[in-house]
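Start counting the sequence shown at 11; every next residue gets the next number (the numbering used here).
Beta carbons: idealized from backbone N, C-alpha and C, even for Gly.
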Amino acid sequence: MRFFAQGVLAIALLFCHAASAITNIESIRHSGKAEGIEVAIDLAMRFQRGNTDHSQYAASLKLMDFTDRRQRIVVLDHDYARDGDRKTTDRSFAHLRHVWLRDGPLDYELFVQFQSNEFTFLQQRSLAGAGIRRQLLDSTLHSLHMGLGGYYTRERYRSALASEENHDWRGNLYLSYRLQWLENLGWVNTVYVQPKFGHAADVYALNDSRLESFINHHLSLFVSVVHMFDNRPFADNKRLDSERRAGLMLRF
Numbered sequence: 011m012r013f014f015a016q017g018v019l020a021i022a023l024l025f026c027h028a029a030s031a032i033t034n035i036e037s038i039r040h041s042g043k044a045e046g047i048e049v050a051i052d053l054a055m056r057f058q059r060g061n062t063d064h065s066q067y068a069a070s071l072k073l074m075d076f077t078d079r080r081q082r083i084v085v086l087d088h089d090y091a092r093d094g095d096r097k098t099t100d101r102s103f104a105h106l107r108h109v110w111l112r113d114g115p116l117d118y119e120l121f122v123q124f125q126s127n128e129f130t131f132l133q134q135r136s137l138a139g140a141g142i143r144r145q146l147l148d149s150t151l152h153s154l155h156m157g158l159g160g161y162y163t164r165e166r167y168r169s170a171l172a173s174e175e176n177h178d179w180r181g182n183l184y185l186s187y188r189l190q191w192l193e194n195l196g197w198v199n200t201v202y203v204q205p206k207f208g209h210a211a212d213v214y215a216l217n218d219s220r221l222e223s224f225i226n227h228h229l230s231l232f233v234s235v236v237h238m239f240d241n242r243p244f245a246d247n248k249r250l251d252s253e254r255r256a257g258l259m260l261r262f
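Printed below as a string of structure tokens:
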């Protein structure tokens, strides 16, 4: 009950923000507490290039509930902006993940996700998936995790002529490396590869690199660079999108 009460509060706080950003799940997982509930808020400047070229202030809120037997992660984002009487931004994103931590080499995870954007070719994407996760390396200096699984996704696009829907099964492979140079300075790099089942040449890929400097237990500064690749983009979309963010994170 305590977790869901915190969740209601997090949702209420989240939708007070005018802008937000999607955050790599692995960077959240690495920065969370070993045990207990944590609420984290990112305040940053975001610079996007590719299919969307703009810069803006961004805010994102995450909710984590960690124990020695499981991890729960919730990310909820919403972007909304107007220029006079005209709406210019309307984007939403939600990701929920549950991880069962086992005594053996493999952990199990289940996730669902929904995103929508009124002003892009990709209007909606919803997905549900599962997978396994293994720790390949763990020390005070660095760690390496690998995840393998799959998901079912439904995507709705908008072209100049009509709307189109795709229903696909995709694989999901990721590697996440964390390096702790100093006690208060860490770097996390995560690579995702998501090929379409039956069409291995149709691939989504993402590389997320985040450098974070911890001022204290509640405040840190960060810089992140994200590259997103789709080798078969819809309509006239570009294959590569990029995003750069710089800001601070507050933890409670």
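Selected residue, minimal CA-CA separation from residue i, among the options
i      : options                        : result
ALA50  : ASP78, LEU86, THR77            : LEU86
ARG143 : ASP113, ASP117, ARG188         : ASP117
THR77  : PHE103, LYS97, GLU48           : GLU48
ARG249 : ALA256, GLU174, SER234, TYR214 : TYR214
TRP179 : ALA210, MET238, GLY196         : ALA210
GLY46  : ASP75, ASN199, GLN125          : ASP75
ARG268 : THR130, MET156, GLN190, ASN199 : Coverage of the chain is limited to positions 11 through 262, which leaves residue 268 absent and any answer about it impossible.
LEU158 : ARG168, GLN145, ASN241         : GLN145
LEU120 : GLY114, HIS105, GLN134         : HIS105
ARG255 : ASN199, THR150, PHE232, GLU36  : PHE232
ASN226 : SER70, LEU260, PHE103          : LEU260
Three-state secondary structure (DSSP) of residue i
i      : result
GLU36  : helix
THR163 : strand
ALA31  : Caution applies to ALA31, whose pLDDT of 31 falls short of 50 and renders its modelled position unreliable; the value that the coordinates give is listed next. Three-state DSSP puts ALA31 in coil, outside helix and strand.
ASN217 : strand
SER230 : strand
ALA104 : strand
LYS206 : strand
ASP95  : coil
ILE142 : strand
ILE225 : coil
LYS248 : coil
ARG255 : strand
GLY114 : coil
THR130 : coil
ASN176 : strand
PHE124 : strand
Rounded Cβ spacing between residue i and residue j (contact assumed at less than 8 Å)
i      : j      : result
VAL236 : SER252 : 7 Å
HIS263 : PHE207 : Outside the shown range of the chain, which is 11 to 262, sits residue 263, and nothing can be said about it.
ALA188 : SER153 : In the sequence under discussion, the amino acid at residue 188 is Arg, which differs from the Ala named in the question. ARG188 to SER153, Cβ: 5 Å. Contact.
Proximity of residue i and residue j at Cβ, strictly below 7 Å
i      : j      : result
SER182 : GLY160 : Here residue 182 is Asn; the residue named in the question, Ser, does not match the sequence. Against a cut-off of 7 Å, the Cβ pair of GLY160 and ASN182 comes out as a contact.
ASP221 : TYR202 : According to the sequence displayed, residue 221 carries Leu and not Asp. No, Cβ-Cβ distance for LEU221 and TYR202 is not below 7 Å.
ALA138 : VAL122 : yes
GLY257 : LEU53  : yes
LEU185 : MET156 : yes
ARG164 : SER136 : yes
ARG1   : ASP218 : Because the chain is modelled from 11 through 262, residue 1 falls outside the range shown and cannot be assessed.
GLN125 : PHE103 : yes
(message) Taking 8 Å as the cut-off, does the region 107-121 touch the region 74-82 (at least 3 CB pairs, one atom from each stretch)?
(response) yes
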